[in-house]
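For the record, the sequence lines run as chains A and B.
For any residue, its number in my numbering is found by taking its place in the first sequence, counting from 1, and adding 27.
For any residue, its number in my numbering is found by taking its place in the second sequence, counting from 1, and adding 760.
Idealized CB from N, CA, C, for every residue including glycine.
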Amino acid sequence: MSAASLKVNGRAYNVDVDPACPLLYVLRDNLGLNNPRFGCGLGQCGACTVLVNNRAVRSCQLNVANAAGKEIVTLEGLETNGKPHPVQAAFIAEQTFQCGYCLNGWVMTAKALLDQNPSPSDAEMRSAFESLVCRCGSHVGIFAAVRRASQPAKRSA
Amino acid sequence: MAPKTAVSRREFVKDAGGLLIGFSLADSTVLPRVLAAASPETIVVPPPSRLDAWLRIDKEGVIHVFTGKPEIGMGVGTAYAQIVAEELDVPLERVVLVMGDTASTANQGGVGGSTSIMLGAKPLRNAAANARYLLTQIASRRLGVSAGELEVQDGIVRVKGDTSKSVSYAELASGGDFNEVLKVSGDGFSLDVAGPGKPKDPSAYTIVGKPAARVDLPPKILGHFQYVTDVRVPGMLHGRVIRPSGVGAAFVSVDESSAKAIPGFVKTVVKGNFVGVVARNEWAAVQAAKALKVAWTEPRKAFPEQQDLYAYMRSATPKASKETLKRGDVAAALSNAAKKLEASYEFPFQSHATMGPGCAVADVHKDGITTVWSGGQKPHDLQRGFAELLSVSVDTVRVVWVEDAGSYGRPGFEDAAADAVLLSEAVERPVRVQWMRDDMTAWGTKGPAVLCDLAAALDAQGEPTAVQFVSRAFSGGEIMFRPNSAGNFLGAQLAGIRNTTGVDEFAQWGLESAPYAFPSVLATAHVISAFADEASPMRTTHLRDPEGPATSFAVESFMDEMAAAANVDPIDFRLKRLDEPRAKAVLTAAAQKAGWNARPSPQKAARAADVATGRGIGLSTRNGTYVGTVAEVEVDRNTGAVRVTRFVCAHDCGLIINPEALRTTIEANLIQSLGRSLKEETTFDRANVTSVDWITYPVVRAPDVPDRVEIVLINHPEIPPTGAGEPSSRAIAAAIANAIFDATGARVRQVPLTSARVKAALDALPSA
Chain A
28 MSAASLKVNG RAYNVDVDPA CPLLYVLRDN LGLNNPRFGC GLGQCGACTV
78 LVNNRAVRSC QLNVANAAGK EIVTLEGLET NGKPHPVQAA FIAEQTFQCG
128 YCLNGWVMTA KALLDQNPSP SDAEMRSAFE SLVCRCGSHV GIFAAVRRAS
178 QPAKRSA
Chain B
761 MAPKTAVSRR EFVKDAGGLL IGFSLADSTV LPRVLAAASP ETIVVPPPSR
811 LDAWLRIDKE GVIHVFTGKP EIGMGVGTAY AQIVAEELDV PLERVVLVMG
861 DTASTANQGG VGGSTSIMLG AKPLRNAAAN ARYLLTQIAS RRLGVSAGEL
911 EVQDGIVRVK GDTSKSVSYA ELASGGDFNE VLKVSGDGFS LDVAGPGKPK
961 DPSAYTIVGK PAARVDLPPK ILGHFQYVTD VRVPGMLHGR VIRPSGVGAA
1011 FVSVDESSAK AIPGFVKTVV KGNFVGVVAR NEWAAVQAAK ALKVAWTEPR
1061 KAFPEQQDLY AYMRSATPKA SKETLKRGDV AAALSNAAKK LEASYEFPFQ
1111 SHATMGPGCA VADVHKDGIT TVWSGGQKPH DLQRGFAELL SVSVDTVRVV
1161 WVEDAGSYGR PGFEDAAADA VLLSEAVERP VRVQWMRDDM TAWGTKGPAV
1211 LCDLAAALDA QGEPTAVQFV SRAFSGGEIM FRPNSAGNFL GAQLAGIRNT
1261 TGVDEFAQWG LESAPYAFPS VLATAHVISA FADEASPMRT THLRDPEGPA
1311 TSFAVESFMD EMAAAANVDP IDFRLKRLDE PRAKAVLTAA AQKAGWNARP
1361 SPQKAARAAD VATGRGIGLS TRNGTYVGTV AEVEVDRNTG AVRVTRFVCA
1411 HDCGLIINPE ALRTTIEANL IQSLGRSLKE ETTFDRANVT SVDWITYPVV
1461 RAPDVPDRVE IVLINHPEIP PTGAGEPSSR AIAAAIANAI FDATGARVRQ
1511 VPLTSARVKA ALDALPSA
């Protein structure tokens, strides 16, 4: 056990954990941030995705020691003053998802994608999402939400 | 352990106020007063004959609805709220649901078979209609006018044409007790109630049939939702399980030394071949399970080589057989036929592979109330199963359903919960178990493999005069979809309790396929024994539409093969053999929307192109729902790779409650089925399942998703609603296989339709 200093959703935390513990368990079990979800623990599905310095990262594959000192954002941190992030608003408007267990990965990856590339092509979007799983098959609504949240100018080009 | 209190059953009943004498609409108690903190000796739930078993109205006029049906991700909860709001004439937002808590909801059999609207909504609709009737009666006395002169708007009862005279539901509900008792019929899925209040005529609907935003989605997307994985209770420990080294392997010994060194390690639990670890935190439990050195006896070679599966199924002596349809003399027709057409279709074992591996929290008190938080589809059955597992009475077990990942049947959430029960019993503390990915994909239950042989007698014009259907399937009920016995659970089987409730489920012509008429038909179904009697990673149970996708793949593919033999358009061929207008209508609607150009398959396009395109149709019917789906594909002739570019699905499930949630449910079923059709196959060696993760058990991914998915909803307000979800899954593999045939002339008869299999079928084509 040793202390790790984490910055999550703008707040500083000190946790006393095994430095080899994946960030996922620390977020969920120590900080009570439940939206990064355990799907496989193998980096194959994306349900545990968080943003680390604005990049989508699998928190099941990142040791807490390596996350220390970095800017971590979880789904809980996307709202501003109770107002949904535009990406969240787009998913709500499209009524995307069946069970929603995977949605953390899709919403966080969509945010990282759109931050980097505000008007992704269909191929760019599919490629960014290739490593995510939605077992229920809600992909049609996911794509529609990303199109809704992306900037229109280049999209129609 | 929580202190056992001295509250007697009598005191509890008294404390519960009007719960058991008459009923009070004003009782706003959402949960019964049986929480663990004040454990009574037993849990008393109001019987379904009482209106307040279904519905209560609080002081603010909020309608609290109690249902034994959980939400498993398709928006059923929103549809229920619409139905209740419709009957009571209140805004949708004013209805809140309590779902699947055995301490406060009636046993409606849980979720299954896409029946939650068709059957499960009935008692809610009737209870709401009776509440409205009673409230209107009271309002009539209160306002001094006949009930016929009253109307209801937004939960306010008022005199028609006189806005000064009105009274709210909330005021009426606080007025006192009512002694009316509802008449109860059926049980489980068919549980229903009736009384003097009759539901509205569908022509008067203003809420049902209109798109309604799903109530659960905003909290999920905003991150405020609590899944069962997020349940934490005071004093909770974390458990993980360690499975045998293969089927039939018996526990020999355990070396705890390396696990014990992990900070937070609490205990190893061994019960027969059930092995688990308990730790103070989740990461410690994960590490301890990995570090524990367990010695097992050599596993049994209980499974055939994977490549021999269908040969094994063909040669195995069936454990049960039945003739499901016999019309005319098929044997004579086949021996006198001008031409015979024969084909065999193979459908593999598939895994539920739920997005979240099974998770549950159990707090076992063998001398008090045991509480289990689980996302299993059938909480009331789980309550019975866990009571038997613990040898305690059913009314001392409370199962609180909390939503888990989508379950698609009986995936193993039930088994994970039983693991939590066994571990909590052993350590006398609440224990949370979440399975690891391989626990879920490898050791979770499987959908059964099915082999179908079809034969047709054709006349000189190529028209079929007789069809013979023979299926050989593992039973979809080897593990009963109802987890109401101890032997149903994997952990219990490992601990030595036998599974005695399995049933033979057959893959049947006519039941799992569209009702085509042929002059003569002979349909026979065989069930093959499970590979193993003991706990096995290949045990089979319900996976989304148990035998339907396999049977439908065979029948709908063979329909195309017969159409091709007769040189007739595949849709025309089907229409000619259907009487049911709704079945014909979905085919016609899908064809029209898809711009289907009627002609025989395969198409006569230039063979030279590297990428061939084609279209195929699949018809499915299920418990009164009709679905016609067109698939359009691109086939790479060099590699055999198939890409579905478009689905057009026409869907008729009678009265539509929520078109928006229905559309997204159909879309998801189409896409999930696309993965099942092209990719999913449980792999195994002689003693183990070797599909253990998302690489070894591939499912649909973003690049696979068609460019266009179009849904045509056909609404029949005059026909009571039937199921959605499974019906649209059923014929997808066939629609795709038929499209591959249309594109290339190559027929693939084994699911999944992998590029290797397509390439092999292409290579086998006679050269042009």
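**Cβ neighbour criterion (16 or more within 10 Å) applied to E1440 of chain B** = The residue given as residue 1440 of chain B occupies position 680 in the second sequence. Buried, since its Cβ has 16 or more Cβ neighbours within 10 Å.
**Prompt:** Using a C-beta to C-beta distance shorter than 9 Å, which residues of chain A count as neighbours of V1460 of chain B?
**Reply:** The count along the second sequence starts at 1 and reaches residue 1460 of chain B at position 700. The contacting residues are V160, C161, R162, G164, H166.
**Residue-chain proximity (M834 of chain B, chain A), Cβ-Cβ < 8 Å** = Here residue 834 of chain B refers to the residue found at position 74 when the second sequence is read from its first residue. With 8 Å as the cut-off, M834 of chain B counts as an interface residue toward chain A.
**Asked** According to the Cβ coordinates, are A841 of chain B and L852 of chain B closer than 8 Å?
**Response** Counting from 1 along the second sequence, the entry for residue 841 of chain B is found at position 81. Counting from 1 along the second sequence, the entry for residue 852 of chain B is found at position 92. In this structure, L852 of chain B lies closer than 8 Å to A841 of chain B by Cβ.
**Message:** Give me the chain B residues within the contact set of I119 of chain A, using Cβ-Cβ distance strictly less than 9 Å, ordered along the chain.
**Reply:** Here residue 119 of chain A is taken as the residue at index 92 of the first sequence, counted from 1. Near I119 of chain A (Cβ distances below 9 Å), the residues of chain B are A973, L977, P978, I981, L982.
**Those residues which DSSP pairs with L1211 of chain B across a bridge** = As a first step, residue 1211 of chain B is located in the second sequence; it is residue number 451 there, counting from the start. Beta-bridge pairing links L1211 of chain B to B:E1106, B:R1232.
**Message:** Looking at the ligand GTP, does it come within less than 7 Å of A887 of chain B, judged from the CB to the closest heavy atom?
**Reply:** Absent from the structure shown: the ligand GTP. Ligands present: none.
**Item:** Residue-chain proximity (P1512 of chain B, chain A), Cβ-Cβ < 8 Å
**Value:** Indexing the second sequence from 1 puts residue 1512 of chain B at position 752. No, its Cβ sits nowhere closer than 8 Å to a Cβ of chain A.
**Asked** Which of helix, strand or coil does DSSP assign to T101 of chain A?
**Response** On the first sequence, position 74 is the one that residue 101 of chain A refers to. Coil, per DSSP.
**Prompt:** What residues from the region 1422 to 1449 of chain B come within 8 Å of chain A, judged by C-beta to C-beta, listed N to C?
**Reply:** T1424, T1425, E1427, A1428, N1429, L1430, I1431, Q1432, S1433, L1434, G1435
**Asked** Would DSSP call H1140 of chain B helix, strand or coil?
**Response** The sequence position of residue 1140 of chain B within the second sequence is 380, counting from 1. Three-state result, H1140 of chain B: helix.
**Request:** Going by DSSP, name the residue or residues bridged to V1012 of chain B.
**Result:** Locating residue 1012 of chain B in the second sequence gives position 252, where the first residue counts as 1. Partner(s): none; V1012 of chain B has no beta bridge.
**Prompt:** Cα-Cα, which of B:V1518, B:I1479, B:C1409 is closest to L1473 of chain B?
**Reply:** Counted from its first residue, the second sequence places residue 1473 of chain B at position 713. Of the listed residues, the one whose Cα sits closest to L1473 of chain B is B:C1409.
**Item:** Cutoff 7 Å; reference E771 of chain B; Cβ partners in own chain excluding five residues on either side
**Value:** On the second sequence, position 11 is the one that residue 771 of chain B refers to. Below a pLDDT of 50, predicted positions are generally treated as unreliable, and E771 of chain B, at 31, falls in that range; no measurement from the model is reported.
**Beta carbon proximity, R153 of chain A to chain B, threshold 8 Å** = Position 126 of the first sequence, counted from the start, is the residue given in the question as residue 153 of chain A. Yes, R153 of chain A lies at the interface with chain B (some Cβ there is under 8 Å from its Cβ).
**Asked** What residues match up with Y1386 of chain B in a beta bridge as DSSP calls it?
**Response** By one-based count along the second sequence, residue 1386 of chain B stands at place 626. Answer is B:T1381, B:D1412.
**Prompt:** If you run the structure through DSSP and keep just helix, strand and coil, what is I1471 of chain B?
**Reply:** Within the second sequence, numbered from 1, the residue matching residue 1471 of chain B stands at position 711. Strand at I1471 of chain B.
**Message:** Going by DSSP, what residue range makes up the alpha helix (DSSP H) through I1002 of chain B?
**Reply:** Reading the second sequence from its first residue, position 242 is the one you call residue 1002 of chain B. Per DSSP, I1002 of chain B belongs to no alpha helix (DSSP H); it is in the beta strand (DSSP E), 997 to 1002.
**Request:** Could you tell me which chain A residues have their CB closer than 8 Å to the CB of M1319 of chain B, listed as they occur along the chain?
**Result:** Mapped onto the second sequence, residue 1319 of chain B falls at position 559. Neighbours of M1319 of chain B on chain A: none; closest Cβ ~25 Å, over 8 Å.
**Request:** Check the DSSP bridge columns for W814 of chain B and list the partner residues they point to.
**Result:** The residue you call residue 814 of chain B lines up with position 54 of the second sequence. In DSSP, W814 of chain B forms no bridge with anything.
**Item:** Limits of the unbroken alpha helix (DSSP H) element including I823 of chain B
**Value:** On the second sequence, residue 823 of chain B is found 63 positions in, with the first residue counted as 1. Here I823 of chain B belongs to no alpha helix (DSSP H); instead the beta strand (DSSP E) covers 823 to 827.
**Message:** Please list the terminal residues of the continuous beta strand (DSSP E) segment that includes L78 of chain A.
**Reply:** Along the first sequence, one-based indexing puts residue 78 of chain A at 51. It spans 76 to 79 - the beta strand (DSSP E) in which L78 of chain A sits, taken as one unbroken run.
**Message:** Any C-beta of chain A within less than 9 Å: which residues of the region 1036 to 1054 of chain B qualify?
**Reply:** N1041, E1042, W1043, A1044, V1046, Q1047
**Message:** Can you check whether the C-beta of P111 of chain A is within less than 8 Å of a C-beta belonging to chain B?
**Reply:** In the first sequence, counting from the first residue as 1, residue 111 of chain A sits at position 84. So, interface residue.
**Prompt:** Between R1299 of chain B and A1062 of chain B, what straight-line distance do the alpha-carbon atoms span, to the nearest angstrom?
**Reply:** Taking the second sequence and counting its residues from 1, one reaches residue 1299 of chain B at position 539. Taking the second sequence and counting its residues from 1, one reaches residue 1062 of chain B at position 302. Taking the straight line from one Cα to the other gives about 12 Å.
**Request:** Reducing DSSP to helix, strand and coil, say where E1392 of chain B ends up.
**Result:** For the purposes of this step, residue 1392 of chain B is identified with residue 632 of the second sequence, where counting begins at 1. Of the three classes helix, strand and coil, the one that applies to E1392 of chain B here is strand, per DSSP.
**Prompt:** Do you know whose CA, among B:E1307, B:S1273, B:G1136, lies nearest S1209 of chain B's CA?
**Reply:** Numbered from its first residue, the second sequence carries residue 1209 of chain B at position 449. Correcting the residue identity first, residue 1209 of chain B is Ala in this sequence and not Ser. Selected option, being the one with the closest Cα: B:E1307.
**Item:** Per-residue DSSP class, three states only, for P1481 of chain B
**Value:** What you label residue 1481 of chain B is simply residue 721 of the second sequence in a count that begins at 1. Note: P1481 of chain B maps to coil in three-state DSSP.
**Item:** Simplified DSSP state of P1362 of chain B, which is helix, strand or coil
**Value:** The residue given as residue 1362 of chain B occupies position 602 in the second sequence. It is coil, neither helix nor strand.
**Request:** Name the two residues that bound the continuous beta strand (DSSP E) containing T702 of chain B.
**Result:** The structure shown has nothing for residue 702 of chain B, since chain B only spans 761 to 1528.
**Asked** Hey, is E98 of chain A's beta-carbon within less than 8 Å of any beta-carbon in chain B?
**Response** Sequence index remark: in the first sequence, residue 98 of chain A carries index 71 (1-based). So, not an interface residue.
**Asked** Which residue spans inside the region 40 to 65 of chain A form an unbroken alpha helix (DSSP H) run of at least 4?
**Response** none
**Prompt:** Helix, strand or coil: how does DSSP classify Q1067 of chain B here?
**Reply:** Here the question's residue 1067 of chain B lines up with position 307 in the second sequence. Here Q1067 of chain B sits in helix by DSSP.
**Request:** Look at K1100 of chain B and A1217 of chain B and say whether their C-beta atoms are less than 8 Å apart.
**Result:** Counted from its first residue, the second sequence places residue 1100 of chain B at position 340. Counted from its first residue, the second sequence places residue 1217 of chain B at position 457. Against a cut-off of 8 Å, the Cβ pair of A1217 of chain B and K1100 of chain B comes out as a contact.
**Message:** Within a Cβ cutoff of 6 Å, which residues of the same chain sit near G955 of chain B, ignoring the five residues on either side of it in sequence?
**Reply:** Position 195 of the second sequence, counting from 1, holds the residue named residue 955 of chain B. Once the five neighbours on either side are set aside, the close Cβ partners of G955 of chain B are N890, L942.
**Item:** Selection from B:N1418, B:R1403, B:V1449, B:L1513 that minimises the alpha carbon distance to D1467 of chain B
**Value:** Indexing the second sequence from 1 puts residue 1467 of chain B at position 707. Closest by alpha carbon: B:R1403.
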